[in-house]
Amino acid sequence: MSRKKTPYKTYLAEEEVPRAWYNVRADMKTDHAPILHPGTLEPVTVADMQPIFCTELAKQELNVTDRFIEIPEQVRDFYLMYRPAPLVRAYYLEKLLDTPARIYYKYEGNNTSGSHKLNSAIAQAYYAKDQGLTGLTTETGAGQWGTAMSMACAYFDLDLKVYMVKVSFEQKPYRKTVMQTYGAEIIASPSDTTEVGRRLREQFPDSNGSLGTAISEAVEVAVSTEGCRYVLGSVLNQVLIHQSVIGLEAKAALEKLDEYPDIVIGCAGGGSNLGGLMAPFMADRLAGRQAPRFIAVEPASCPSLTRGRFAYDFCDTGQVTPLAKMYTLGNGFIPSANHAGGLRYHGMSPILSQLYHDGFLDEARSVEQSAVFEAAVRFARSEGTLPAPESAHAIRVAIDEALKCKESGEEKVILFGCTGNGYFDLMAYQQYNDGTMVDAIPTDTDLERGFKTIPSLAGIS
Ligand SMILES: *Cc1c(COP(=O)(O)O)cnc(C)c1O
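Below, the structure is given as structure tokens:
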């Protein structure tokens, strides 16, 4: 079949930018196991979550019935400052690879925060403001989420305290500068500003910090401060709902081109961008219509889906958050330093975990850091965009799949999420260019150490 040559970039018109998010949970065959209260081990209720989250977001977290949730007008107005995001046909990468595959990517790096995280940050800030709150706390690893939240809080005039994983705080000074410019207060974690931070510093004086620890600190401050709540940039159901805007736009843009993907690929840290990108295609799959093959890509250094356990675990290292049934390496797993900071989380979205467990998310693949940067450089030199190291995980697998098509002669349509740009990751690129990058892969013994921190809950599996 001959197709008209598709444009390099396809944008929706402003009025076509979605007016509602899609909640895949309403269509799932098996819902994920309930989130449990850490004290009572009973399923959490909206009331349980209210001290931590804004009420509306707590409701979204538990929403299994509404397939579509209206995007508030003020959030959609903010979206229009940087959305629609382009759907790009990777002609130059295809040419470089000499593949018959048609490769498309949804590019989410065209905003100051540099990633897709702004899609949820602005929604979370909106609901906080709408409820009359005055401040928010959060954590950040690589810095993208903290930056996105800083922008969102500046827009809605909210105070923001960001607990930043210590190693990133030291390695990425310009991230701090961006967040401070938008008015946020940045604290290196573990810190002496919280009980949990002080305890961990005493136990592990040389700790470089972890996302899990920073979460514990941010939650502690939120629940003990009047008018303040906590926000999280991935993993949660509410975040996957907001990120569905990526997939809804991508699907609409592909429809304009009369295309449907055979393969959908996304990197997976906490699972939000992949969850968002694949959501409307997963709707097709769950309804028994046509469906792509879904592939999640994670770093070999933090392999939650490929080597983790499907079990109830805490979402944080301090064990103060609720328990979720998910693929996890154990809340005490501390991944070795890795440049794809946004993918260094011990757990995985409960929705994605359930879809993977049930075979709807077809495959998880782990890739090593040097292979990821090799792909990132090929992509940068051919397509022009300098990708975030996280995004380059998806690029790696997109390239591998396109090369398989070259072998077989199949003209598959490949769609992947290019979640961000790499301008704050130049130290990583420098190491790759200098040939000093190392691949750290945990041994089985390392993993066992993490698994031991998964709580054993009598009678609950
Ligand atoms: C945070 C981040 C990710 C990973 O997070 P998910 O919740 O798994 O999407 C991927 N890419 C970029 C650029 C990020 O900032």
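First residue of the sequence shown: 276, per the numbering used here; consecutive thereafter.
Backbone N, C-alpha and C fix where the C-beta goes; we use that ideal spot for every residue, glycine too.
Confirm, please, whether the CB-CB distance from Thr412 to Gly502 is below 8 Å. A distance of 8 Å or more separates the beta carbons of Gly502 and Thr412.
Out of Lys334, Pro361 and Ala400, state which residue places its alpha-carbon closest to the alpha-carbon of Gln349. Ranking Lys334, Pro361 and Ala400 by CA distance to the CA of Gln349 puts Ala400 first.
In angstroms, rounded to a whole number, what distance separates the CA positions of Ser277 and Glu685? Unreliable positioning characterises Ser277 in this predicted model, as indicated by a pLDDT of 44, which lies under 50. The coordinate reading is nonetheless provided below. When rounded, the distance between both Cα atoms is 14 Å.
Member of Lys304, Lys600, Ile462 and Arg671 whose CA lies at the smallest distance from the CA of Glu445: Glu445 has its Cα closest to that of Ile462, out of Lys304, Lys600, Ile462 and Arg671.
Keeping to the same chain, check which residues put their C-beta closer than 8 Å to that of Pro662; ignore five residues upstream and five downstream. Gly384, Ala651, Phe654, Ala655, Ile670, Cys693, Gly695, Asn696 and Gly697, listed in sequence order.
Is Val496 helix, strand or coil when you go by DSSP? Val496: helix per DSSP, three-state reduction.
For Asp533, the first and last residue of its enclosing beta strand (DSSP E): Neither: Asp533 is in no beta strand (DSSP E) and is coded neither H nor E.
Report the three-state DSSP secondary structure of Glu477 (helix, strand or coil). If DSSP states are grouped into helix, strand and coil, Glu477 belongs with the helices.
Kindly give me the distance between the Cβ atoms of Leu690 and Phe635, rounded to whole angstroms, as I take these residues to be in contact under 8 Å. Contact doesn't hold; Cβ gap of about 17 Å is too wide.
Run the proximity test for Ser796: is its beta-carbon closer than 7 Å to any non-hydrogen atom belonging to ligand 1? Since the first residue shown for the chain is 276 and the last is 736, residue 796 is missing from the structure and cannot be characterised.
Is His419 near ligand 1 - that is, is its Cβ less than 7 Å away from at least one heavy atom of it? Per the sequence shown, residue 419 should be read as Gln rather than His. Answer for Gln419: yes, Cβ within range of ligand 1.
Close Cβ partners of Ala667 (< 6 Å) along its chain, the five nearest in sequence each way excluded: Closer than 6 Å at the Cβ level, and outside the excluded window around Ala667, lie Val647, Ala650 and Ala651.
heavy atom of ligand 1 below 7 Å from Met543 C-beta: In the sequence as presented, Met is not what sits at residue 543; that position holds Ala. Proximity of the beta carbon of Ala543 to ligand 1 is indicated: a heavy atom of the ligand is located closer than 7 Å.
So what does DSSP say about Ala571, is it helix, strand or coil? Three-state DSSP puts Ala571 in a strand.
For the alpha helix (DSSP H) containing Leu435, name the first residue and the last one. Counting along the chain, Leu435 sits inside no alpha helix (DSSP H); it lies in the beta strand (DSSP E) bounded by residues Asp434 to Val440.
Can you tell me whether Glu348 is helix, strand or coil according to DSSP? Reduced to three states, the DSSP call for Glu348 is helix.
For ligand 1, is there any heavy atom lying closer than 7 Å to the beta carbon of Leu630? For Leu630, the shortest separation between its Cβ and any heavy atom of ligand 1 does not lie below 7 Å.
Please state whether the Cβ-Cβ distance between Ala599 and Gly622 is less than 8 Å. Between Ala599 and Gly622, the gap from beta carbon to beta carbon is short of 8 Å.
Give every residue of the same chain whose Cβ lies closer than 6 Å to the Cβ of Ile397, excluding the five residues on either side of it in the sequence, and list them in chain order. Around Ile397, the same chain offers Val350, Phe353 and Ala427 as residues with beta carbons nearer than 6 Å, after the five sequence neighbours per side are excluded.
Taking the straight line between their C-alpha atoms, what separation do you get for Asp341 and Lys370? Taking C-alpha positions only, Asp341 is separated from Lys370 by approximately 43 Å.
Candidates Lys526, Glu495 and Gly487: which alpha carbon is nearest Ser509's? Residue nearest to Ser509 within the set Lys526, Glu495 and Gly487 is Gly487 (criterion: CA-CA distance).
Measuring CB to CB, does Ile570 end up less than 8 Å from Ile540? Contact flag set, yes.
What does Thr469 pair with, by DSSP beta-bridge criteria? Thr469 is not bridged to any residue.
Helix, strand or coil, according to DSSP, for Thr374 in the structure here? In this structure, Thr374 counts as coil in the three-state DSSP scheme.
Hey, would you say the C-beta of Leu216 is under 7 Å away from at least one heavy atom of ligand 1? Residue 216 lies beyond the residue range present for the chain, which begins at 276 and ends at 736; the question has no answer from this structure.
What three-state label does DSSP hand Thr413 in the structure shown? Note: Thr413 maps to strand in three-state DSSP.
If you draw a straight line from the alpha carbon of Ser683 to that of Gly563, how long is it in whole angstroms? If I take the Cα positions, the gap works out to 27 Å.
Would you list the one or two residues that DSSP bridges to Val688? Per DSSP, Arg377.
Quick check on this structure: which residue in Glu573, Leu529 and Phe585 has the alpha carbon closest to the alpha carbon of Thr281? Nearest option by C-alpha distance: Leu529.
Beta carbon of Gly389, beta carbon of Thr422: below 8 Å? In this structure, Thr422 lies closer than 8 Å to Gly389 by Cβ.
Who are the Cβ neighbours of Val595 in its own chain at under 6 Å, not counting the five residues just before and after it? Excluding sequence neighbours, Val595 sits near Ser491 and Val494.
Look up Ser277 in the DSSP assignment and say whether it is helix, strand or coil. Summary for Ser277: the model assigns pLDDT 44, below 50, so the residue's position carries little reliability, and this model does not support an answer.
Rounding to the nearest angstrom, what Cα-Cα distance links Trp296 and Ser519 in this structure? Inter-residue distance for Trp296 and Ser519 is about 6 Å (C-alpha atoms, whole angstroms).
Considering Cα atoms alone, identify which of Glu345, Asp591, Pro293 and Ile674 is closest to Val440. Ranking Glu345, Asp591, Pro293 and Ile674 by Cα distance to Val440 puts Asp591 first.
Where does Val292 fall in DSSP's three states? Correct three-state label for Val292: coil.
In this structure, how does DSSP classify Asp709 when only helix, strand and coil are distinguished? Here Asp709 carries a helix assignment [DSSP, helix/strand/coil].
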